[in-house]
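Presented below is the structure to which this report refers.
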Amino acid sequence: NPLSMPPSVFNLAACPPCPRWHRTALGVGWAGNLALLGAVAMLVVLVSQRPSQNPQPTAAMQSAQVGDSGCKLCPMHWKPHRDKCYWLSDGSTYWSRSRDDCTQRRSHLLVIQDQEEMVFIQNIIGDQNPVWFGLNITSPRKNWTWVDGSPLNQTLFMVLGPAENNSCAALKKNRIQPEICNTDLKWICQKEDMECRTYCVFL
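Residue numbers for the sequence shown follow the numbering used here, so the first one is 8 and each next one is one higher.
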């Protein structure tokens, strides 16, 4: 007897079936929602794969400084100073081999320009044994010459001790001293820095 049914059951039983167009509209609505969710998911993937406007520096370039001319970048393990980069070796070798090693690193043995740069280099090498840099005897006149071909300014730097034909200069603390070029010493390479552009790590 319908009159003995609970009100909820009675109402459900009395409800006529939904029209076909209603079911069709409901299906289209669900399909539209799924399409919208798919579009949103695709947009999220595209945004996550988009290159960052400020990418992180590569492992090879992570030392930088900021000066009046902008951000400067040096390779990893090189120390930036003004417009140059400096690298101190871990091992020791002859002067000529140290020069060749710097060349392979697309650099050259250290050429010191002024006293301010000398102080910076002294802070790098500390109190350790002498290190090779880019100064040696290249002529019978026993004239000290930098690896870039320029002569040593004796009023700016003095080499302590007598120079022989087979002499190369080594730096120890604040002194430049002659050494036999076949002596095994550490060495310092030097190169020009690069513009950071967006790859800049501020020290």
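C-beta atoms are modelled at their ideal positions from N, C-alpha and C, and glycine is treated no differently.
- Taken in chain order, the complete alpha helix (DSSP H) segments of 4 or more residues contained in the segment 118-152 are 122-132.
- A distance below 6 Å between beta-carbons, with the five flanking residues on each side excluded, links residue 117 to the following residues of its chain, in chain order: 140, 141, 195, 197.
- Going by beta carbons, residue 143 and residue 152 fall inside the 8 Å limit.
- Within a 10 Å sphere around the beta-carbon of residue 185 sit 16 or more other beta-carbons, which makes this residue buried.
- The straight-line gap separating the alpha-carbon atoms of residue 188 and residue 104 is approximately 10 Å.
- Residue 191 and residue 174 have their C-alpha atoms roughly 13 Å apart.
- Around the beta carbon of residue 149, fewer than 16 other beta carbons lie within 10 angstroms, which makes this residue exposed.
- According to the DSSP assignment, residue 109 belongs to the alpha helix (DSSP H) that extends over 102-111.
- Excluding residues up to 5 positions away in sequence, 172 lie with their Cβ nearer than 8 Å to the Cβ of residue 147 in the same chain.
- Residue 81 sits close to residue 200, with the two beta carbons spaced by under 8 Å.
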